[in-house]
Amino acid sequence: MVFSRCYCYEISVFRRYPVKTLDFEVVGSQYPAPPRDWTIWFTGLSGSGKSTLAQALAGRLQRYGLPHELLDGDVIREGICRGLGFSKADRDENIRRIGCIARLLNRHNVISIVAAISPYQKTRAEVRKIIPKFLEVHVDCPLETLVHRDVKGLYHRALAGQIEHFSGISDPYEAPSHPDVYVNSGKQTAEESLKVIVRKIEELGWLSTPVIEEKVAVAAL
Ligand SMILES: Nc1ncnc2c1ncn2[C@@H]1O[C@H](COP(=O)(O)OP(=O)(O)OP(=O)(O)O)[C@@H](O)[C@H]1O
Ligand SMILES: [Mg+2]
Numbered sequence: 025m026v027f028s029r030c031y032c033y034e035i036s037v038f039r040r041y042p043v044k045t046l047d048f049e050v051v052g053s054q055y056p057a058p059p060r061d062w063t064i065w066f067t068g069l070s071g072s073g074k075s076t077l078a079q080a081l082a083g084r085l086q087r088y089g090l091p092h093e094l095l096d097g098d099v100i101r102e103g104i105c106r107g108l109g110f111s112k113a114d115r116d117e118n119i120r121r122i123g124c125i126a127r128l129l130n131r132h133n134v135i136s137i138v139a140a141i142s143p144y145q146k147t148r149a150e151v152r153k154i155i156p157k158f159l160e161v162h163v164d165c166p167l168e169t170l171v172h173r174d175v176k177g178l179y180h181r182a183l184a185g186q187i188e189h190f191s192g193i194s195d196p197y198e199a200p201s202h203p204d205v206y207v208n209s210g211k212q213t214a215e216e217s218l219k220v221i222v223r224k225i226e227e228l229g230w231l232s233t234p235v236i237e238e239k240v241a242v243a244a245l
C-alpha cells in the first residue's frame with residue numbers, strides 16, 4: 025500500500041525526470057508502511073454513536089484496502105460472550121475477551137475497531153496494557169439527548185426501573201478522564217466526529233492518504 029503511495033509521491037516530485045521501474049522499488053523501500061497492528065476503542069453510553077462511528081471508520085478503511093475487523097459489543101455478546109450478563113464481573117469479562125481478540129488480530133496485522141460501552145476505567149486501562157497501539161475514543165453525549173434518541177427503546181425502560189445494570193441509569197459509567205480522542209455526538213455530526221478521529225489516526229502515522237486520492241492529486245498537478 026505505502027509502496028504505491030511513495031511511488032505516487034515520487035512521481036509528483038520527480039516526474040520531470042526519467043525514472044526506471046527499478047527506482048520506484050528502491051524509493052518505496054525507504055518508507056515504512058503505516059502500521060496495521062493498532063486498535064481503536066470506542067467507549068460511551070448506549071446510543072452515543074459508537075457503532076455508527078465504528079462502522080463509518082470501517083467503511084473508510086475498507087475503501088483504503090486496509091485489513092480490519094469491527095468488534096461490536098452487541099455482536100460479540102451474541103457470539104464469543106454469549107452467556108455473559110451485565111454484572112460488573114461479566115462486563116469486565118466481556119471487555120477482557122474483546123481486548124484479547126483485538127490484540128490477536130493486531131498481531132496478525134489486522135486493525136481492530138472496538139465499539140463497546142466498556143464502562144469501567146480500570147478494565148479499559150487493563151486492555152490498554154495488553155495492546156501496544158491503543159487509541160481510546162470517548163463518544164460522549166448528554167443523557168437528555170440519549171433519552172430523546174432512545175434508539176433501542178432501552179432508556180425509557182431503564183428509567184422506569186425495568187432494566188437493572190443499565191449504564192448511566194442504574195449502573196455506573198466511568199467516563200475516560202484523558203481519552204486519546206473526544207467526540208460529542210450531541211454537538212457534532214457523525215461526519216464531523218469521524219474527521220476528528222481520522223485526523224488523530226493520521227497524526228499518529230497509522231493511516232496514510234489513500235493511493236486513489238494521491239493518484240488523482242498527482243494527475244491534477
Ligand atoms: N453525531 C452523531 N454521531 C453518531 N451517531 C449519531 C449522531 N447523531 C445521531 N446519531 C444517531 O445516534 C444513534 C447511535 O446509535 P449507535 O447504535 O451507534 O450507538 P451505540 O453507542 O453503538 O449504542 P450501543 O452501546 O447501545 O450499541 C444512531 O441512530 C445514529 O444515527
Ligand atoms: Mg453499538
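Residue numbering for the sequence shown follows the working numbering, starting at 25 and increasing by one per position.
Idealized CB from N, CA, C, for every residue including glycine.
For the beta strand (DSSP E) assignment, the uninterrupted runs of no fewer than 3 residues enclosed by the region 155 to 226 are, from N- to C-terminal side, 158 to 164, 205 to 208. Fewer than three pairs of CB atoms, one per stretch, sit closer than 8 Å, so the region 151 to 162 makes no contact with the region 179 to 193. Ranked by Cα distance from L159, the first of A149, L167, E168 is A149.
The nearest non-hydrogen atom of ligand 2 is less than 7 Å from the C-beta of A139. Between Y206 and the set P58, T67, A57, the nearest pair of CA atoms involves T67. Judged by the Cβ position, A199 fails to qualify as a neighbour of ligand 1 at the 7 Å threshold, every heavy atom of the ligand being at least this far. The alpha carbon of I193 has as its nearest neighbour, out of K176, L167, E93, the alpha carbon of L167.
The Cβ atoms of S142 and I119 sit closer than 8 Å to each other. In this structure, the CA atom of A214 is about 21 Å from the CA atom of G177. Under DSSP, V138 shares a beta bridge with W65, L95.
Residue range 112 to 131 is occupied by the alpha helix (DSSP H) that includes R121. With a contact defined as Cβ atoms closer than 8 Å, D164 and G71 miss out at about 12 Å. Taking one beta carbon from each stretch, the region 81 to 90 and the region 216 to 226 have 3 or more pairs nearer than 8 Å; the two touch.
About 6 Å separates the beta carbons of I122 and A140, which is inside the 8 Å limit, making them a contact pair.
W65 is positioned such that its CB atom lies closer than 8 Å to that of V138.
For the set P196, S201, V134, the Cα lying nearest the Cα of P91 is the one of V134.
CA-CA distance, Y179 to F190, rounds to 8 Å.
Per DSSP, L231 lies in no alpha helix (DSSP H) and is assigned neither H nor E. The nearest non-hydrogen atom of ligand 1 is less than 7 Å from the C-beta of L77.
Around the beta carbon of G97, a 10 Å sphere encloses 16 or more other beta carbons of the protein chains shown; the residue is thus reported as buried.
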